[in-house]
Amino acid sequence: MRPALFDTTIYIAALRNEAHAFFESRQFTAGAPLWLSSVVLEELYAGAGEAERWRIERLQRHFTSFKRTLVPNLQDWVRAGKVLAQVAAKYGFEQIGRGRLTSDALIATSAGRLGIRIITSNDRDFRRLAEFSPFHWQTVVVE
Numbered sequence: 005m006r007p008a009l010f011d012t013t014i015y016i017a018a019l020r021n022e023a024h025a026f027f028e029s030r031q032f033t034a035g036a037p038l039w040l041s042s043v044v045l046e047e048l049y050a051g052a053g054e055a056e057r058w059r060i061e062r063l064q065r066h067f068t069s070f071k072r073t074l075v076p077n078l079q080d081w082v083r084a085g086k087v088l089a090q091v092a093a094k095y096g097f098e099q100i101g102r103g104r105l106t107s108d109a110l111i112a113t114s115a116g117r118l119g120i121r122i123i124t125s126n127d128r129d130f131r132r133l134a135e136f137s138p139f140h141w142q143t144v145v146v147e
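Take the sequence shown: its position 43, counting from 1, is numbered 47 in the numbering used here, and each next residue is one higher.
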């Protein structure tokens with residue numbers, strides 16, 4: 005089974021719903037190795053309040069201990085910039101939101117480099133990025 009990582013949208017839904025069992029069940033990964041993107045980690049810390057911070061720290065320690073933290077390299081940054089230019093030419097950059105799409109492009113290019121499947125509830129942005137960059141992704145509905 006292809007390794008997987010959860011996009012920020014999945015973690016946010018779980019944190020809001022306090023769905024600890026969500027991650028333990030691994031229902032969307034079917035036993036595949038699970039990775040954590042450093043970009044996702046940054047987004048989680050940036051939006052976390054005091055109540056969520058300890059959970060994110062625990063998540064970080066867990067993935068770091070298993071050496072499954074995905075960090076974009078120079079090639080990923082360059083590829084993300086090129087993909088964003090193509091998306092901007094087709095869809096208009098301001099309509100999408102620079103910061104949000106930049107993070108998603110970094111997640112997509114770094115995951116694509118290692119063949120890691122992205123699990124997200126953000127279908128629209130990842131669908132647009134997939135037009136210009138090869139990576140595996142799966143959309144799920146979270147509540």
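By construction, the Cβ of each residue, glycine as well, lies at the ideal position given by its N, Cα and C atoms. In this text, all values refer to a predicted model and were calculated from it rather than measured experimentally.
Using the rule of at least 16 other Cβ atoms within 10 Å of the residue's Cβ for burial, across every protein chain shown, is T68 buried or exposed? Answer is exposed; the Cβ neighbour count stays below 16.
Minimum C-alpha distance to L45 - residue among K94, I60, M5 and R132: When only C-alpha atoms are compared, the closest one is I60.
Segment limits, alpha helix (DSSP H) that includes R131: Element bounds for R131: D127 to A134.
When the Cβ atoms of the segment 104-122 are set against those of the segment 66-82, are three or more pairs found closer than 8 Å? With the cut-off at 8 Å, the segment 104-122 and the segment 66-82 touch.
To the nearest angstrom, how far is it from the Cα of A207 to the Cα of A115? This structure gives no information on residue 207, because the portion of the chain shown stretches from 5 to 147.
Taking Cβ to Cβ, would you say R62 is nearer than 8 Å to V91? The Cβ atoms of R62 and V91 lie no closer than 8 Å to each other.
Considering only the alpha carbon of each residue, which of A34, Y15 and K71 lies closest to E47? Of the candidates A34, Y15 and K71, the residue whose Cα lies closest to the Cα of E47 is Y15.
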